[in-house]
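Taken in order, these protein sequences are the chains called A and B. So in this note's numbering, spot 198 of the first sequence is number 198, and the numbers just go up one at a time. Residues are numbered in this note's numbering as their position in the second sequence, beginning at 1, plus a constant of 1000.
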Amino acid sequence: MNCTEIYPLIHAYADGELDLVRSLEVERHIKSCAGCTAKWDSLRSLQSKLQNSKLVYRAPDSLRKKIKQMAGGEARETRRSDLQWIWRWLAAGATAFAVVTLLLRPVGISEHEQLMAEAVGSHVRSLMQSHLTDVASSDQHTVKPWFDGKLDFAPAVKDFAEQGYPLVGGRLDYLGGHDVAALVYRRNKHVINVFVWPAKGETVKPDTEIRQGYVIINRDMNGMRYCIVSDLNEKELGDLVDMMGK
Amino acid sequence: MSVNDPQAEFERIVLPHLDAAYNLARWLAGNDHDAEDITQDACVRALRFVGGFRGGNSRSWLLTIVRNTAFTWLKKNRPQAIVSIDDDELAEIEDKVASDSALRSADKEVLRAALADLPLEFREALVLRELEGLSYKEIAEVAEVPVGTVMSRLARARRLLQEHLNRKERS
């Protein structure tokens, strides 16, 4: 091989991309040719300079975190839509059950009964539509201002991610004839809807009840009426309520 | 772990190569802010397509997505950065012997600036080869060109870089 033939191969040789036979030919030529030796040396020093000058950029931690969160959120959306048909059946069942209950009842149902039914209905709907939140954010400073101007009261918004109850977001909802704030939390795979509205003098006995398999906790805390609905167990749901009351 | 769990797949296939993805985006975009946007966009796409990933080289797979995202972004936001290069010029290449002193004296920042100054396709080839250690075959996959083109681009990229450094030393 002469210099002209070697030339196109010298980079591939430097990159370890030549087969054994051609590698040996190139190597032999470089050794025997002063011009190509010089080229070879300068190519090698450029390579090592590039590889050893720490020119690589690393993904910033903030970006890594954002991407991880994004993956968690979007993947959950996908899973939720996979589950939608189950929820449809459950909702259809719940409606049928409600209709039958209504028909069998001789007298009108109480206000409390209706409120609880609405709360459960709203919780189920929030899982069914891909409309769990109007404002999706784990940042309480994003969720709280979002309610400003949409409600005539300001719900307390706290994130309890450290305690294992991350804030997912919030949305507007309508319960018992008035607008309420719905805060959405998550405990492992369980979704928790926290409905909040001003107590306005009426007091409610703190109670916990189970309807259609959902746990509902009713509380008055700091002048606000809270109705918390989830398929989470009573104990863990109660822990969240205690943290919110502090 | 379920095969259908996109989050788990994403964590297994994409996250380990996030640094490589960002490095490529950063070198193509030229600044942190745009690189972050491009990386994030690319990850959104990767999450969407991850179910269709049929095994093989996950790093090349992700870098291909980053590369396409970056080029789409550049076409839209910085059309002047995309200059089509003629890949048939290999025959004319005749390397100048580099001035050794130019290389020796070139510090990290000079080298960084010289690399950043290369035309897009040459910069991309060198970054993938020298900084990420990809093989010609992998680079060909990412840049969607034949292996021969990768070889010629690398040769030309190195020559341009060398010339840049030599000029720098003279001035």
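Heads up, the beta-carbon is just placed ideally off N, CA and C, and yes, glycines get one too.
| Asked | Found |
| --- | --- |
| Supposed contact pair residue 1059 of chain B and residue 1020 of chain B - C-beta distance, whole angstroms, cut 8 Å | 6 Å |
| Unbroken stretches of the beta strand (DSSP E), 3 residues or longer, contained in the segment 203 to 239 of chain A | 207 to 211, 214 to 221, 224 to 230 |
| Any chain B beta carbon closer than 8 Å to residue 181 of chain A | no |
| Assigned exposure category for residue 1082 of chain B - 16 Cβ within 10 Å defines buried | exposed |
| Collapsed DSSP secondary structure at residue 52 of chain A in the structure displayed | helix |
| Beta-carbon gap between residue 1128 of chain B and residue 1147 of chain B smaller than 8 Å | no |
| Neighbourhood of residue 1069 of chain B by C-beta, 6 Å cutoff - its chain only, sequence neighbours within 5 removed | 1038, 1041, 1042 |
| Residues of the segment 1045 to 1062 of chain B whose Cβ lies closer than 7 Å to any Cβ of chain A, in chain order | 1047 |
| Expected contact under 8 Å - CB spacing of residue 91 of chain A and residue 117 of chain A to nearest Å | That pair is no contact at about 13 Å. |
| CA-to-CA distance, residue 62 of chain A to residue 119 of chain A, given in whole angstroms | 38 Å |
| At least three beta-carbon pairs within less than 8 Å, the segment 200 to 214 of chain A to the segment 225 to 237 of chain A | yes |
| For residue 198 of chain A: DSSP bridge partner residues | A:224 |
| Extent of the continuous beta strand (DSSP E) run through residue 169 of chain A | 167 to 175 |
| CB contact check: residue 221 of chain A to chain B, cutoff 8 Å | no |
| Outcome for residue 1016 of chain B when other beta-carbon atoms lying within 10 angstroms are tallied against a minimum of 16 | exposed |
| is_contact[residue 1023 of chain B, chain A] using C-beta, thresh 8 Å | yes |
| Pairwise C-alpha distance: residue 179 of chain A and residue 243 of chain A | 24 Å |
| Spatial distance of residue 1121 of chain B from residue 1153 of chain B (CA atoms) | 8 Å |
| Nearest-angstrom Cα separation, counted from residue 185 of chain A out to residue 110 of chain A | 29 Å |
| Limits of the alpha helix (DSSP H) - the one that residue 1142 of chain B falls within | 1136 to 1143 |
| Contacts of residue 1019 of chain B in chain A (Cβ-Cβ under 7 Å) | 58, 59 |
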